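Numbers in this note's numbering are just positions in the sequence shown, counted from 1, shifted up by 45.
Yeah, the Cβ is synthetic: ideal placement off N, Cα and C, and Gly gets one too.
No experiment lies behind these values; they were computed from the predicted model shown.
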Amino acid sequence: MGFVKTHDIGDITASLVGSEITVGGWIEDLRKMGKMTFITLRDVSGISQIIVKGDLNESLGELNRQSVISIRGLVQETKARDFAFEVKALEIDILAKAIHPLPVDPIGRIESNIDTRLNHRALDMRNQKTASIFKIRHHVLQSLRSILTEKKFIEITTPKIIGSASEGGANLFSLEYFGKTAYLAQSPQLYKEQMTIGLERVFEISNFYRAEKSHTGRHLSEFTSVDIEAAFMDYNDVMNILEELIIHTYKDISENCITEQQVIGHTVNIPKSPFEKVTYSQCVEELNEAGEKIEFGDDLLDSHLRLLGKKHEGFFFLTDWPMKLKPFYIREKDENPELSRSFDLQYGYLELSSGGTRLHNPEILKTRLAEQDLDPLQFADHLQAFDWGMPPHSGWGLGLDRLLTTLVGIDNVREVVLYPRDPDRLKP
Ligand code: ATP
Ligand code: MN
46 MGFVKTHDIG
56 DITASLVGSE
66 ITVGGWIEDL
76 RKMGKMTFIT
86 LRDVSGISQI
96 IVKGDLNESL
106 GELNRQSVIS
116 IRGLVQETKA
126 RDFAFEVKAL
136 EIDILAKAIH
146 PLPVDPIGRI
156 ESNIDTRLNH
166 RALDMRNQKT
176 ASIFKIRHHV
186 LQSLRSILTE
196 KKFIEITTPK
206 IIGSASEGGA
216 NLFSLEYFGK
226 TAYLAQSPQL
236 YKEQMTIGLE
246 RVFEISNFYR
256 AEKSHTGRHL
266 SEFTSVDIEA
276 AFMDYNDVMN
286 ILEELIIHTY
296 KDISENCITE
306 QQVIGHTVNI
316 PKSPFEKVTY
326 SQCVEELNEA
336 GEKIEFGDDL
346 LDSHLRLLGK
356 KHEGFFFLTD
366 WPMKLKPFYI
376 REKDENPELS
386 RSFDLQYGYL
396 ELSSGGTRLH
406 NPEILKTRLA
416 EQDLDPLQFA
426 DHLQAFDWGM
436 PPHSGWGLGL
446 DRLLTTLVGI
456 DNVREVVLYP
466 RDPDRLKP
């Protein structure tokens, strides 16, 4: 009979009753009752009951759960409570055997800790909760691509192996590159800015690399970033795009991933719009009122963000940071050059995105590089584009993995990344 399916289990509907189909999947349960065998079979789309009469396949009884079989059979109505239909087997092929016991229980009856699950990630993916997280991740990527395309952004792919540190040296991984030192890109920042001179509005969804020594639920050494850069836009414009994108994605998942939400046990609530905008200076005031000793110009520590996150729940923009806390490419405010046209998007204490209006004047950019102890010569390749007609532009980078944790209501990016990389985890 072979291994080709005619249907996914989830596609079995009333119109198929009486028809012959071939399905395949993993045995979740197998019970013998007299001359009958009842199999619960799962594939990526759903679960079905298979009825086997007599000795259709001699070795069926010896199979461990999670072995792979395919069945040619007739679709029929069922009396079983948990199923809408069942398949009466006419022929069964055993395609692959699973060992017993398995290192993690894919049904989730026996809970494994996250490390054990990550060490056996492919098997963990047969756990419906894990699978649902990654189905949602897929939908989020689709959703982001569709709205950005609708807004006339062009998807680009920038290099991940680069010859010089793009935003200063810290947190960079280096590697040997044909006798030279190369680095893994931390962000597409410089390339995406350059692309605005020809493509105007660009976006990228790619992995980037940071040698983060931190052990938190929100930092990985390899993470997925959603980046946009747009010519002729100010930071308020790209904040609006970011807000629209978040609302659109939340709405999409809330409406189109119903089963996944049920399996995970978390309901996606569409956030209220417009998102609150709080300036950095306002935050400093609020923190001092709360008893923290913090002055204008101090960076916000984790403890500060946790306090602010309690006061401003859910999504809010933290805007107008001091220039001295921002990277060299961020532009100042005309009315107060100590302040920048910049923002972070927060979800409570969690930073989801950073963005702003960029400097597009090469002379000012060179001055800023020097002020931040960076060598303009190191940025020659980048700076040359600024002499070719660089439009004013703005953009942001959004952590996809962090966004997903807000959607599925789980507080650790490792849960939403297939094979997370952190200082202690390089394998599998
Ligand atoms: P943090 O202060 O939380 O370490 P950051 O300010 O260094 O983040 P940015 O350079 O602003 O990060 O990067 C833009 C976005 O990319 C962040 O807001 C975050 O969502 C995501 N991001 C950055 N670093 C990581 C990381 N190591 N792991 C996962 N996501 C990250
Ligand atoms: Mn940031």
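Q. Between S251 and ligand 2, is the CB less than 6 Å from at least one heavy atom?
A. Here residue 251 refers to the residue found at position 206 of the sequence shown. Not so, every heavy atom of ligand 2 lies at least 6 Å from the Cβ.
**Q.** Neighbourhood of E416 by C-beta, 8 Å cutoff - its chain only, sequence neighbours within 5 removed
**A.** As a first step, residue 416 is located in the sequence shown; it is residue number 371 there, counting from the start. Within the same chain, E416 has close Cβ partners F373.
Q) Is the CB-CB distance between V247 and I201 below 7 Å? A) To locate residue 247, count along the sequence shown from 1; it is residue 202. To locate residue 201, count along the sequence shown from 1; it is residue 156. Contact: yes.
Q | Contact the segment 237-247 vs the segment 274-286: 3+ CB pairs below 8 Å | A | yes
Q. In this structure, does DSSP put R466 in helix, strand or coil?
A. Along the sequence shown, one-based indexing puts residue 466 at 421. In this structure, R466 counts as coil in the three-state DSSP scheme.
Q: Look up A125 in the DSSP assignment and say whether it is helix, strand or coil.
A: In the sequence shown, the residue the question calls residue 125 occupies position 80. A125: coil per DSSP, three-state reduction.
Q | Enclosing beta strand (DSSP E) for D272 [first to last residue] | A | If you number the sequence shown from 1, residue 272 lands on position 227. Per DSSP, D272 belongs to the beta strand (DSSP E) from E267 to A276.
Q. Can you tell which of I206, I339, L345 and S232 has its C-alpha closest to the C-alpha of F223?
A. Counting from one through the sequence shown, the residue named residue 223 turns up at place 178. The shortest C-alpha separation from F223 is found at I206.
**Q.** Span separating the alpha-carbon of R171 from that of D100
**A.** Looking up residue 171 in the sequence shown gives position 126. Looking up residue 100 in the sequence shown gives position 55. If you take the alpha carbons of R171 and D100, they lie about 29 Å apart.
(Q) Determine whether the beta carbon atoms of N216 and R162 lie at a separation below 7 Å. (A) Residue mapping note: residue 216 aligns to position 171 of the sequence shown, counting from 1. Residue mapping note: residue 162 aligns to position 117 of the sequence shown, counting from 1. Cβ distance not < 7 Å, so N216 and R162 don't count as in contact.
Q. Going by the CB atoms, is the gap between L135 and G153 shorter than 7 Å?
A. Taking the first residue of the sequence shown as 1, we reach residue 153 at position 108. Taking the first residue of the sequence shown as 1, we reach residue 135 at position 90. In this structure, L135 does not lie closer than 7 Å to G153 by Cβ.
Q. Given a threshold of 16 other Cβ atoms within 10 Å of its Cβ, counted over all protein chains shown, does S348 qualify as buried or as exposed?
A. On the sequence shown, position 303 is the one that residue 348 refers to. Label assigned to S348: exposed.
Q. Hey, would you say G401 sits closer than 7 Å to I375, going by beta carbons?
A. Sequence index remark: in the sequence shown, residue 401 carries index 356 (1-based). Sequence index remark: in the sequence shown, residue 375 carries index 330 (1-based). Going by C-beta atoms, G401 is nearer than 7 Å to I375.
Q.
Measuring only from the beta carbon, is F268 closer than 6 Å to any heavy atom that is part of ligand 1?
A. For the purposes of this step, residue 268 is identified with residue 223 of the sequence shown, where counting begins at 1. Yes.
Q: Could you tell me the distance, in whole angstroms, from the CA atom of P473 to the CA atom of Y464?
A: Looking up residue 473 in the sequence shown gives position 428. Looking up residue 464 in the sequence shown gives position 419. Each residue's Cα considered, the two are about 7 Å apart.
Q | T304 versus E321, V89, P319 and N252, residue with shortest Cα-Cα distance | A | Numbered from its first residue, the sequence shown carries residue 304 at position 259. Nearest C-alpha to T304: V89.
Q) For the candidate residues T203, S259 and K174, whose alpha-carbon lies nearest to that of Q306? A) On the sequence shown, position 261 is the one that residue 306 refers to. Measuring from the Cα of Q306, the nearest candidate turns out to be K174.
Q) Considering only residues of the same chain and omitting the five flanking positions on each side of K369, which have a CB-CB separation below 7 Å? A) Numbered from its first residue, the sequence shown carries residue 369 at position 324. Excluding positions up to five away in sequence, the list reads G342.
Q: State the beta-bridge partners of H438 as determined by DSSP.
A: On the sequence shown, residue 438 is found 393 positions in, with the first residue counted as 1. H438 pairs with A276.
Q. Measuring CA to CA, which of T67, K98 and S93 is closest to E122?
A. The residue labelled residue 122 in the question sits at position 77 within the sequence shown. Minimum Cα distance to E122 is reached at S93.
Q) Going by beta carbon distance, what residues of the same chain come within less than 6 Å of R110, once the five residues before and after it are set aside? A) Taking the sequence shown and counting its residues from 1, the one referred to as residue 110 is at position 65. Excluding sequence neighbours, R110 sits near I72.
**Q.** Outcome for K237 when other beta-carbon atoms lying within 10 angstroms are tallied against a minimum of 16
**A.** Here the question's residue 237 lines up with position 192 in the sequence shown. Classification for K237: buried.
Q | Any non-hydrogen atom of ligand 1 within 6 Å of L397 CB | A | Here residue 397 corresponds to residue number 352 of the sequence shown, with the count starting at 1. Yes, ligand 1 has a heavy atom inside 6 Å of this Cβ.
Q: Report buried or exposed for R263, applying the criterion of at least 16 other Cβ atoms within 10 angstroms of its Cβ.
A: The count along the sequence shown starts at 1 and reaches residue 263 at position 218. By the 10 Å Cβ count, R263 comes out buried.
Q. Just the Cα atoms here: how many angstroms apart are I298 and S191?
A. Within the sequence shown, the letter at position 253 stands for residue 298. Within the sequence shown, the letter at position 146 stands for residue 191. C-alpha separation (whole angstroms): 13 Å.
Q: For I309, I'd like the list of residues in its chain whose CB is within less than 7 Å of its CB, leaving aside the five on either flank, ordered along the chain.
A: Position 264 of the sequence shown holds residue 309. Cβ neighbours of I309 beyond the five flanking positions: K174, S177, I178 and V453.
**Q.** Any non-hydrogen atom of ligand 1 closer than 6 Å to G61 Cβ
**A.** Against the sequence shown, residue 61 aligns to sequence position 16. The residue you asked about is not Gly; residue 61 is Leu in the sequence shown. No, since every heavy atom of ligand 1 falls outside the 6 Å radius drawn around the Cβ of L61.
Q) In whole angstroms, what separates the C-alpha of G444 from that of V461? A) Here residue 444 refers to the residue found at position 399 of the sequence shown. Here residue 461 refers to the residue found at position 416 of the sequence shown. Taking the straight line joining both Cα atoms gives about 12 Å.
Q | Spatial neighbours of S266 in its chain, beta-carbon cut-off 8 Å, leaving aside the 5 residues before and after | A | Residue numbering aside, residue 266 sits at position 221 when the sequence shown is read from its first letter. Counting only Cβ-Cβ distances below 8 Å, and skipping sequence neighbours, we find F218, Y254, R255, A256, E257, R466, D467 and P468.
Q) Hey, out of R76, R87, G47 and F128, whose CA is closest to A59's CA? A) In the sequence shown, residue 59 corresponds to position 14, counting from 1. Closest by alpha carbon: F128.
**Q.** Beta bridge counterpart(s) of D446 as assigned by DSSP
**A.** Numbered from 1 along the sequence shown, position 401 holds the residue referred to as residue 446. According to DSSP, which records beta bridges pairwise, D446 is partnered with nothing at all.
Q) If you draw a straight line from the alpha carbon of V313 to that of Y295, how long is it in whole angstroms? A) Taking the sequence shown and counting its residues from 1, the one referred to as residue 313 is at position 268. Taking the sequence shown and counting its residues from 1, the one referred to as residue 295 is at position 250. Spanning the two alpha carbons is a distance of roughly 7 Å.
**Q.** Local conformation of Q391 per DSSP, three classes
**A.** Within the sequence shown, residue 391 is the residue found at index 346, counting from 1. Strand, per DSSP.
Q.
Assuming contact is defined by CB atoms lying nearer than 7 Å, are E396 and S385 in contact in what I supplied?
A. The residue labelled residue 396 in the question sits at position 351 within the sequence shown. The residue labelled residue 385 in the question sits at position 340 within the sequence shown. In this structure, S385 does not lie closer than 7 Å to E396 by Cβ.
Q | The alpha helix (DSSP H) enclosing S326, as first and last residue numbers | A | Indexing the sequence shown from 1 puts residue 326 at position 281. Segment Y325 to E334, the alpha helix (DSSP H) holding S326.
Q) If you draw a straight line from the alpha carbon of R166 to that of I409, how long is it in whole angstroms? A) For this step, residue 166 is matched to residue 121 along the sequence shown. For this step, residue 409 is matched to residue 364 along the sequence shown. Their Cα atoms are separated by approximately 49 Å.
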